[in-house]
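Student: Here's a structure for you.
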């Protein structure tokens, strides 16, 4: 009898321990399954449109959004909208204080739960400059890859073609000609805030309220360089037949020589690069600064080129690294 009782006792203990082990294994298995779900989430993308465009134009930003989503199923794509609707979004691409708008967009991105782990950023035309401002001024959530598509990184001097209504474009040109560096115009006209007159260098450096700060023209904020150096890749795209931004070399951080619009100073010979004021030299030396030229007019490129050169290289290929980092964060937070 005692032998039978001992047998049942041993059997009960064995079953209990087996159940405990199974429960622990089940929890581990559930944790693995949960992380497998995490692994399937691509890095989100934030896009910012150019002058005269909007967040949701079916022929531009909405098309780009769908192109990305088609090639990367399940990806979250956020298209920046300034103001409360599409009409305001277009207007604010011409009339607003960009320092204020950058602050607003910073908060917008911080509050988006889909972006907490970081995102890839693509800016088109002036949106390329504004996305760099986000990278330099707003390190959280972090930008992984920053792609500037025809962005006026050294500003512009000329507005021969303007993506907007004739009335608005003529008004902008008139105000820029009247006095781009007048304080009212600086605080009101977006294009004046990256208007870079090579014939008025002193006035530009003294009165410009936006570009001079980003490019460390007068004083340098060391955090700008530190933040930009957090990028995994910084991609600069130039359009060889660009007539909307002058000079077209501004897309690659080149610009006119002082008092000489017939001579272009390439990025490598600028003070911005040589003194590594915002980290361009370091990015290039570490293989993280990339240049791409497209044989087309401003923002004119075949969808296949965008898929091959942007989506496949910088939006798809980094997903694995992002997911591994995200999984590590989850494990750390779990404890």
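Numbering (mature numbering (1 follows the signal peptide of the UniProt record, and there is no 0)), first residue to last: -23 to -1, 1 to 312.
For each residue, glycine too, the CB sits at the ideal point set by N, CA and C.
In this structure, does DSSP put residue 167 in helix, strand or coil?
Tutor: DSSP places residue 167 in coil when its eight states are reduced to three.
Student: Might you give, ordered along the chain, the residues of its own chain that have their beta carbon closer than 6 angstroms to the beta carbon of residue 230, omitting 5 neighbours on each side?
Tutor: For residue 230, same chain residues with a beta-carbon under 6 angstroms away, outside a window of 5 residues either side, are 130, 131 and 244 in chain order.
Student: Would you say residue 250 and residue 260 are within 7 angstroms of each other, going by their C-beta atoms?
Tutor: no
Student: If you compare alpha carbons, which of 95, 91, 97 and 104 is closest to residue 78?
Tutor: Measuring from the Cα of residue 78, the nearest candidate turns out to be 104.
Student: Among 276, 21 and 123, which residue has its Cα nearest to the Cα of residue 217?
Tutor: 276
Student: Looking only at C-alpha atoms, which of 278, 226 and 264 sits nearest to residue 247?
Tutor: 226
Student: Going by beta carbon distance, what residues of the same chain come within less than 6 angstroms of residue 152, once the five residues before and after it are set aside?
Tutor: 162 and 166
Student: Leaving aside the five residues before and after residue 135 along the sequence, list all residues of the same chain whose C-beta is less than 6 angstroms from its C-beta, in chain order.
Tutor: 223
Student: Out of curiosity, what's the CA-to-CA distance linking residue 116 and residue 210?
Tutor: Counting only the Cα atoms, residue 210 lies some 15 angstroms from residue 116.
Student: Roughly how many angstroms lie between the CA atoms of residue 174 and residue 47, to the nearest whole one?
Tutor: 42 angstroms
Student: DSSP three-state label for residue 113, please.
Tutor: DSSP places residue 113 in helix when its eight states are reduced to three.
Student: Do three or more CB pairs link the segment 84 to 92 to the segment 32 to 52 at distances below 8 angstroms?
Tutor: no
Student: By the three-class DSSP mapping on this structure, what secondary structure does residue 150 have?
Tutor: helix
Student: Count the other C-beta atoms from every protein chain shown that fall within 10 angstroms of the C-beta of residue 183, then say buried if there are 16 or more, exposed otherwise.
Tutor: exposed
Student: What first and last residue would you give for the alpha helix (DSSP H) that runs through residue 282?
Tutor: 280 to 283
Student: What's the C-alpha gap between residue 313 and residue 282?
Tutor: This structure cannot speak to residue 313, because the chain is shown only from -23 to 312.
Student: Less than 7 angstroms between the C-beta atoms of residue 202 and residue 255, yes or no?
Tutor: yes
Student: Measure the Cβ-Cβ separation of residue 266 and residue 286 and say whether it is below 7 angstroms.
Tutor: One thing to note: residue 266 has its Cβ no nearer than 7 angstroms to the Cβ of residue 286.
Student: Would you grab the beta carbon distance between residue 29 and residue 60 for me? Rounded to a whole angstrom, and I think it's under 8 angstroms.
Tutor: No, residue 29 and residue 60 are not in contact; Cβ-Cβ is about 15 angstroms, not under 8 angstroms.
Student: Under a three-way DSSP split, which group does residue 272 fall into?
Tutor: Judged by DSSP in its simplified three-state form, residue 272 adopts coil rather than helix or strand.
Student: State yes or no: is the C-beta of residue 101 within less than 7 angstroms of the C-beta of residue 156?
Tutor: No, the Cβ-Cβ distance between residue 101 and residue 156 is not below 7 angstroms.
Student: Pull up the DSSP beta-bridge partners for residue 101, would you.
Tutor: 126
Student: Going by CA-CA distance only, name the one from 253, 273, 67 and 280 that's closest to residue 145.
Tutor: 67
Student: If I measure Cβ to Cβ from residue 188 and keep anything under 6 angstroms in the same chain, skipping five residues before and after, which residues do I get?
Tutor: Once the five neighbours on either side are set aside, the close Cβ partners of residue 188 are 132 and 171.
Student: Considering only the alpha carbon of each residue, which of 272, 236 and 122 lies closest to residue 95?
Tutor: For residue 95, the nearest C-alpha among the options comes from 122.
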